[in-house]
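Peer 1: This is the structure I want to talk about, given as structure tokens.
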Amino acid sequence: MTDPSAREDIPITADEDVVRVRQVVRAYAQRAKLGLVDQTKLVTATSELARNTLIYGGGGTATVRLVTEGRRQGVSARFHDEGPGIPDTELALTDGWTSGGGMGLGLSGARRLVDEFELDTEAGRGTTVTVVKWSR
Numbered sequence: 006m007t008d009p010s011a012r013e014d015i016p017i018t019a020d021e022d023v024v025r026v027r028q029v030v031r032a033y034a035q036r037a038k039l040g041l042v043d044q045t046k047l048v049t050a051t052s053e054l055a056r057n058t059l060i061y062g063g064g065g066t067a068t069v070r071l072v073t074e075g076r077r078q079g080v081s082a083r084f085h086d087e088g089p090g091i092p093d094t095e096l097a098l099t100d101g102w103t104s105g106g107g108m109g110l111g112l113s114g115a116r117r118l119v120d121e122f123e124l125d126t127e128a129g130r131g132t133t134v135t136v137v138k139w140s141r
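Spelled out as structure tokens, the structure:
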């Protein structure tokens, strides 16, 4: 996308940055004309992912952007850190599993709240999680 206002990079280094991610994601969700329920689902999922980036990844970056596919619009949020990675992704994606530090949603909860979910991680290499929520 060539419109620079259709993308925002947010450093995640402190609790205030998690709040900033929530605010930016909500604004983008409104721009993409997501309904209130879908806005709430996306904000909840990205809040969990931002907190995970801060707590488990030691900080990182969120990239929020508008995306289009045909006639539909959506919001993509990518979270990247260079932390220790996730040693057991199968366990981390198990419903109800949480390491205890987040909102209790875990990665599986965040995955259920969005339309697309991609996890790229390796122990010692960091983690990248990308989620997309489409307008209905």
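Residues in the sequence shown are numbered from 6 upward in steps of one, following my numbering. Using N, Cα and C, we set each Cβ at its ideal position, and we do this for glycine too.
Where does ASP120 fall in DSSP's three states?
Peer 2: Stepping through the sequence shown from its first residue, residue 120 is reached at position 115. The answer is coil: DSSP assigns ASP120 none of H, G, I, E or B.
Peer 1: Based on Cα-Cα distance, which residue from ARG76, ALA97, VAL80 lies nearest to ARG27?
Peer 2: By 1-based counting over the sequence shown, the position of residue 27 is 22. Selected option, being the one with the closest Cα: VAL80.
Peer 1: On the three-state DSSP scale, how would you describe LYS46?
Peer 2: On the sequence shown, residue 46 is found 41 positions in, with the first residue counted as 1. Correct three-state label for LYS46: helix.
Peer 1: Name the residue from ARG56, ILE17, LYS46, ALA32 whose alpha carbon lies nearest to the alpha carbon of LEU71.
Peer 2: Position 66 of the sequence shown, counting from 1, holds the residue named residue 71. With distances taken between Cα atoms, LEU71 lies closest to ALA32.
Peer 1: Taking the Cβ atom as the reference point for each residue, do VAL29 and ILE15 lie within a distance shorter than 8 Å?
Peer 2: Numbered from 1 along the sequence shown, position 24 holds the residue referred to as residue 29. Numbered from 1 along the sequence shown, position 10 holds the residue referred to as residue 15. Yes, the Cβ-Cβ distance between VAL29 and ILE15 is below 8 Å.
Peer 1: Going by DSSP, name the residue or residues bridged to ILE17.
Peer 2: As a working note, residue 17 is residue 12 in the sequence shown. Paired residue(s): GLY65.
Peer 1: In whole angstroms, what separates the C-alpha of LEU110 from that of GLU127?
Peer 2: Translated into the one-based positions of the sequence shown, residue 110 becomes position 105. Translated into the one-based positions of the sequence shown, residue 127 becomes position 122. Approximately 21 Å between the Cα atoms of the pair.
Peer 1: Three-state secondary structure (DSSP) at THR7?
Peer 2: Here residue 7 corresponds to residue number 2 of the sequence shown, with the count starting at 1. Any reading at THR7 must be qualified, since the residue scores a pLDDT of 40, below 50, and its modelled position is unreliable; the value itself is stated next. Coil at THR7, not helix or strand.
Peer 1: Please say whether ALA37 and PHE84 have beta carbons closer to each other than 8 Å?
Peer 2: Residue 84 sits at position 79 when you count from the first residue of the sequence shown. Residue 37 sits at position 32 when you count from the first residue of the sequence shown. Contact flag unset, no.
Peer 1: Taking the straight line between their C-alpha atoms, what separation do you get for THR49 and VAL134?
Peer 2: By one-based count along the sequence shown, residue 49 stands at place 44. By one-based count along the sequence shown, residue 134 stands at place 129. If you take the alpha carbons of THR49 and VAL134, they lie about 15 Å apart.
Peer 1: For LEU96, does the three-state DSSP call read helix, strand or coil?
Peer 2: Within the sequence shown, numbered from 1, the residue matching residue 96 stands at position 91. The answer is helix: DSSP assigns LEU96 an H, G or I state.
Peer 1: Could you give the DSSP three-state label for GLU87: helix, strand or coil?
Peer 2: For the purposes of this step, residue 87 is identified with residue 82 of the sequence shown, where counting begins at 1. Coil at GLU87, not helix or strand.
Peer 1: Return helix, strand or coil for GLY129, following the three-state DSSP convention.
Peer 2: Position 124 of the sequence shown, counting from 1, holds the residue named residue 129. Looking at GLY129 - three-state DSSP - the assignment turns out to be coil, as it is neither helix nor strand.
Peer 1: What did DSSP end up calling ARG31 once you bin it into helix, strand or coil?
Peer 2: The sequence position of residue 31 within the sequence shown is 26, counting from 1. Note: ARG31 maps to helix in three-state DSSP.
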